[in-house]
């Protein structure tokens, strides 16, 4: 790249480096502003409650793990993590299969009916579903699924489908027709073709789908707040909301809880950054 | 192929297997994509998606649209049609709603104009940062994946008037007089909330701008440099014009986001103090779920829906243009 210089133009590259200093200074200042809230979470989580009040901005003088122990036990994080993982993985897995199968059928059905079904499903991307929460609640109640994971999972699947179909259909349309024709001549059935060719080829779209929709499901609090009132069925988000309601201004404990709930997804993000970012971009453009 | 045997297809089939294959392939191709041979399986394959989508999305959304013409009051079912009364009430100027719309306009200005400019600037600075690029990027993008619940608790702590980070910092540098009740001050609360959403939303726009910048061929900028266009000139005449599709996309997504903004306000202030941080969507939620005016809230929702659909149409056109331009390159 441009900064790689041969020894001959060393002075020039040094000049270039010098010109980069103000840019880096500006970036450092902006980065500090951006990372500051996260730093605050971490340092507060390690402070005893008294120190949070006397020294809210400095580094902890006597770092302690007590907050983490208290928060983990009182908020029941073992259970919360289990519930959140269960809800996210179940709904995303089912949504992936349902959306992929529908996308495949739509792509194979190059007719008016096919594109009609596609438009109907994809239009759902633009619906602000917070608005439909009351009728959704009624549907789930009528199905007898209040306080049942199935109710939340079904709502998440339905909510994720439009975007999933949109992404995966766009991807599956790029599967060369010759491959399909050759496979059909070789005797591959309708669903075999889906399982053997289309599903594996749609893997990048599925990854994007998990990044964008999966993070949304993991971080959602409205649906479980409305549909899961049983304390043992709380998720990370609703569990921490409840924890905050009890601990009010006990910021050391609250920040420990915030850190515990955010750490897995932050670590996942940092280690799979490239993957996340390309997924986000693909989703935004599509 | 000899002309004497053409009358008998079986002979042809026996003698020239490639010919039959060509015939079957052609008819197969004709049938394969028109769905005549697969119509039944098509419906089986789309059934799970269609059923779930109809029950949990289309039907509830339909109920919202129907309810917008009724006096429905929440979770019970008794309601009567009231014609366009709800819409009349909206347009005759419900004072709380007007305040919410005003707040949404201010919120929108920051999210659409300020955030876009800031994100563009950061993207330009980050572009071609090789050594520290990944660290900077991780820092700018990380807030995107943090849950609104965690974000709101963190900022509530930082905004706390007595032990909060902002006031403590101000006091420690001798500016204690500037200390504020960031979320309790009627004139300030909206801006405090906006800052939180700028912080959490910035990264996403930077992602889009960085992707846009990476599609600008280096040769164009090199050629411009030879012609004497550097720095601001290159930015003004080359980078910005080539970034128009990305800028358009970010603007459309920001308008969409501003209209749908909900989480931070709902969790942080519930629209308060007074209605000073009430946004359009939180007001819809307040009317529908808290005040139990489901019919009226539905009418407000339907209006947003119309605007969102119009924006989606614009976005669709923009995307097509971006795709077309990418195809040209």
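Chains as they are written, first to last, in our numbering: chain V, 39 to 324; chain S, 22 to 350. Glycine residues also receive a C-beta, built at the ideal position from the N, C-alpha and C atoms.
| Item | Value |
| --- | --- |
| In DSSP terms, what residue 102 (chain V) is bridged to | Paired residue(s): none; residue 102 (chain V) is not in a bridge. |
| Where the alpha helix (DSSP H) containing residue 149 (chain V) begins and where it ends | Unbroken run through residue 149 (chain V): none, as it is neither H nor E. |
| Residues in the segment 151-162 of chain S having any Cβ partner in chain V nearer than 9 angstroms | 151, 152, 153, 155, 156, 157, 158, 159, 160, 161 and 162 |
| Beta-carbon separation (whole angstroms), residue 204 (chain V) vs residue 160 (chain V), contact threshold 8 angstroms | 5 angstroms |
| Neighbouring residues, chain V, relative to residue 317 (chain S) (Cβ below 9 angstroms) | Result: empty, since nearest Cβ-Cβ is about 12 angstroms, beyond 9 angstroms. |
| Contact between the segment 104-119 of chain V and the segment 270-282 of chain V (3+ Cβ pairs under 8 angstroms) | yes |
| Beta-carbon gap between residue 210 (chain V) and residue 278 (chain V) smaller than 8 angstroms | no |
| For residue 65 (chain V) and residue 146 (chain S), believed in contact at Cβ under 8 angstroms, the rounded distance | 5 angstroms |
| Interface positions of the segment 157-175 of chain V facing chain S (Cβ-Cβ less than 9 angstroms), listed along the chain | 158, 159, 161, 162, 163, 164, 165, 166, 167, 168, 169, 170, 171, 172, 173, 174 and 175 |
| Cβ contact (3+ pairs, closer than 8 angstroms) linking the segment 129-141 of chain V and the segment 294-301 of chain S | no |
| Rounded C-alpha distance that separates residue 219 (chain S) from residue 183 (chain S) | 24 angstroms |
| Three-way DSSP call (helix, strand, coil) for residue 307 (chain V) in this model | helix |
| Span separating the alpha-carbon of residue 162 (chain V) from that of residue 72 (chain S) | 14 angstroms |
| Cβ shell of residue 29 (chain S) (< 7 angstroms), same chain only, five flanking positions each side left out | Here the model assigns residue 29 (chain S) a pLDDT of 41, short of 50, so the residue's position is not dependable and the matter cannot be decided. |
| Distance CB(residue 166 (chain S))-CB(residue 78 (chain V)) smaller than 8 angstroms | no |
| Residues that residue 299 (chain S) contacts on chain V, provided the C-beta gap is smaller than 9 angstroms | Within chain V, no residue comes near residue 299 (chain S); the closest Cβ sits about 15 angstroms away, beyond 9 angstroms. |
| Neighbour flag for residue 99 (chain S) against chain V, beta carbons, 8 angstroms | no |
| Residue from S:306, S:160 and S:329 with nearest C-alpha to residue 309 (chain V) | S:160 |
| Beta-carbon proximity list for residue 171 (chain S), same chain, < 6 angstroms, skipping 5 on both sides | none |
| Segment limits, alpha helix (DSSP H) that includes residue 69 (chain S) | 60-74 |
| Contact between the segment 85-96 of chain V and the segment 178-192 of chain S (3+ Cβ pairs under 8 angstroms) | yes |
| Any C-beta of chain V under 8 angstroms from that of residue 168 (chain S) | yes |
| Where residue 286 (chain V) falls, given that 16 or more other Cβ within 10 Å makes a residue buried | exposed |
| Rounded C-alpha distance that separates residue 236 (chain S) from residue 276 (chain V) | 42 angstroms |
| C-beta neighbour in chain S for residue 275 (chain V), strict 8 angstroms | yes |
| Backbone CA spacing between residue 128 (chain S) and residue 215 (chain S) [nearest angstrom] | 6 angstroms |
| Sub-8 angstroms separation of residue 218 (chain V) and residue 231 (chain V) beta-carbons | yes |
| Presumed contact (8 angstroms Cβ cut-off) between residue 126 (chain S) and residue 271 (chain S), rounded CB distance | 19 angstroms between Cβ atoms; not a contact. |
| Segment contact, 8 angstroms Cβ cut-off, at least three pairs: the segment 76-92 of chain S with the segment 163-176 of chain V | yes |
| Terminal residues of the alpha helix (DSSP H) in which residue 233 (chain S) lies | 210-235 |
| Beta-carbon proximity list for residue 315 (chain S), same chain, < 7 angstroms, skipping 5 on both sides | 88, 93, 94, 95 and 309 |
| Euclidean distance between Cα positions of residue 154 (chain V) and residue 261 (chain S) | 38 angstroms |
| Closer than 8 angstroms to chain V by CB, residue 289 (chain S) | no |
| Alpha-carbon to alpha-carbon, residue 236 (chain V) and residue 206 (chain V) | 10 angstroms |
| Short CB-CB distance (under 8 angstroms) between residue 212 (chain V) and chain S | no |
| Nearest-angstrom Cβ-Cβ length linking residue 109 (chain V) and residue 298 (chain V), presumed shorter than 8 angstroms | 6 angstroms |
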